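Reviewing the structure listed below.
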Amino acid sequence: MGFRTRFSTARAILLSAILLAGPAAVGPARAEAPPPAARPHLRIVVIDHSPPFSDRNAEGALVGFNVDFGRELCRSLQAVCSFDAAPFKQIIDDVAAGRFDIGFGNVLRTPDREQRLLFSVPYWRSSTSLVGRRGTPEMTLEEAVRDRSIATIRGSRQHEALIRLAKADPKLEANLVPVTTLEDLWGAMRSGQSDMAIGPTLNVVHFLLSDAGDGFETIGTPMSENGLGGTVHIVFPPGQHELKASVDRALAALRSDGTYQRINRGYFPFDIY
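Going letter by letter, the sequence shown gives residues -31 to -1, 1 to 242 in mature numbering (1 follows the signal peptide of the UniProt record, and there is no 0).
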């Protein structure tokens, strides 16, 4: 059976992921930045409504782990950055088309995406979790898609995994409930449009610890096989090799001087790297 409280659910996920918080390192101070007019301008896009990674506050400003980290990345690059938000699938298309210079879309690296995008070195690790109402029997993903309707974000790796399962039995496609945003994902389950939802584990943890997650729990343990987990990367338009190399160096520097760990601790009680 699933876990009985939101706290125990989150704790079990954290233990399953075997993520341990590390101490912050101390590094040298950064060089003084040139005036804004002399700095490069970078257009950054994050996922719309994907807490705790990115969301909008009451004033409409973008906030979250990726936003805070993106700002520190820009500071390290001595760049002037503008931020925008878009649905997950649109981020991949827009960055590939060069409408943005940097995508913080929580993107896993796949052969298909490598044909369209450049990828940074990893900056955190992902897995996938099923969520349902408290008391739902434990089941595998295959059992879940056969017996229950499941909400999933259109174009995500979770959606692709469910489509692969449905191809083996076309009748299962009727059990898929594709949605556009993370907010829609939880809304479909809460409204009864779907029996369950499937999403990235860290987003699931955030949902279960919120008031909206009361009465829900994980079903089974986090999954990382078959493309449902792995390293997460910042993405760039094709051909932007110099920008990718600069970001890779900046990522290493932000890990070395403790900036990454400081932002990490503001959102998660464990190291997601």
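C-beta: ideal position from N, C-alpha, C; glycine also. Just so we're clear, the structure is a prediction, and the values are computed from it rather than from any experiment.
What number of angstroms, rounded off, separates the C-alpha of residue i from the C-alpha of residue j?
i: Arg85; j: Arg78; result: 11 Å
i: Val(-6); j: Val148; result: Any answer about Val(-6) is weak, because its pLDDT of 41 lies below 50 and its placement is not dependable; what the coordinates show is given next. About 43 Å.
i: Ile232; j: Asp138; result: 44 Å
i: Gly208; j: Ala221; result: 22 Å
i: Phe38; j: Leu212; result: 17 Å
i: Pro(-4); j: Asp226; result: Because the pLDDT at Pro(-4) is just 44, under 50, the model does not fix this residue reliably, and the value given afterwards should be weighed accordingly. Roughly 7 Å between the two C-alpha positions.
i: Ala113; j: Ser19; result: 24 Å
i: Arg8; j: Phe22; result: 26 Å
i: Arg(-28); j: His10; result: At Arg(-28) the pLDDT is 35, less than 50, meaning the model places this residue with poor confidence and gives no usable figure here.
i: Val100; j: Glu83; result: 30 Å
i: Thr(-23); j: Leu177; result: Low per-residue confidence applies at Thr(-23): pLDDT is 49, beneath 50, and the placement is therefore not dependable enough to give any value.
i: Phe57; j: Val204; result: 12 Å
i: Ser160; j: Met108; result: 22 Å
i: Gly104; j: Lys136; result: 29 Å
i: Ala166; j: Asp183; result: 15 Å
i: residue 329; j: Asp116; result: What is shown of the chain runs -31 to 242, which leaves residue 329 out entirely.
i: Gly235; j: His175; result: 13 Å
i: Phe237; j: Thr190; result: 19 Å
i: Arg94; j: Phe69; result: 23 Å
i: Met192; j: Ala181; result: 23 Å
i: Phe185; j: Leu110; result: 17 Å
i: Cys43; j: Val36; result: 11 Å
i: Asp240; j: Gly156; result: 29 Å
i: Asp81; j: Phe73; result: 18 Å
i: Asp62; j: Lys140; result: 30 Å
Check this for me: beta carbons of residue i and residue j, under 8 Å apart or not?
i: Val146; j: Ser125; result: no
i: Gln127; j: Gly168; result: yes
i: Ile119; j: Leu131; result: yes
i: Leu171; j: Thr97; result: no
i: Thr228; j: Pro91; result: no
i: His202; j: Val76; result: yes
i: Val49; j: Val14; result: no
i: Leu31; j: Ala55; result: no
i: Ala219; j: Leu46; result: yes
i: Gly67; j: Pro206; result: yes
i: residue 245; j: Thr187; result: What the structure shows of the chain is the stretch from -31 to 242, and residue 245 is not part of that stretch, so it cannot be assessed.
i: Ser89; j: Asp217; result: yes
i: Leu223; j: Glu41; result: yes
Would you identify the three-state DSSP class for residue i, choosing helix, strand or coil?
i: Arg103; result: coil
i: Gly39; result: helix
i: Val148; result: strand
i: Ser23; result: strand
i: Ile241; result: coil
i: Ser160; result: helix
i: Ala130; result: helix
i: Ala120; result: strand
From the DSSP output, read off the bridge partner residues of residue i.
i: Glu83; result: Paired residue(s): none; Glu83 is not in a bridge.
i: Ile13; result: Phe52, Ile71
i: Ser45; result: Partner(s): none; Ser45 has no beta bridge.
i: Trp93; result: Val201
i: Ser98; result: Gly168
i: Val32; result: Asp24
i: Leu77; result: Val201
i: Phe57; result: None; Phe57 has no bridge partner.
Within 8 Å of any Cβ in chain C, is that where the Cβ of residue i sits?
i: Gln209; result: Here there is only one protein chain, and chain C is not present.
Is any non-hydrogen atom of the ligand NAD found closer than 7 Å to the C-beta of residue i, if you look at the structure I gave you?
i: Phe239; result: Of ligands this structure carries none, so the ligand NAD is not represented either.
task: Enumerate, from N- to C-terminal direction, the unbroken beta strand (DSSP E) stretches of 3 or more residues contained entirely within the stretch 162 to 239.
output: Within the stretch 162 to 239, the complete beta strand (DSSP E) runs of at least 3 residues are 165 to 169, 185 to 192, 199 to 205.
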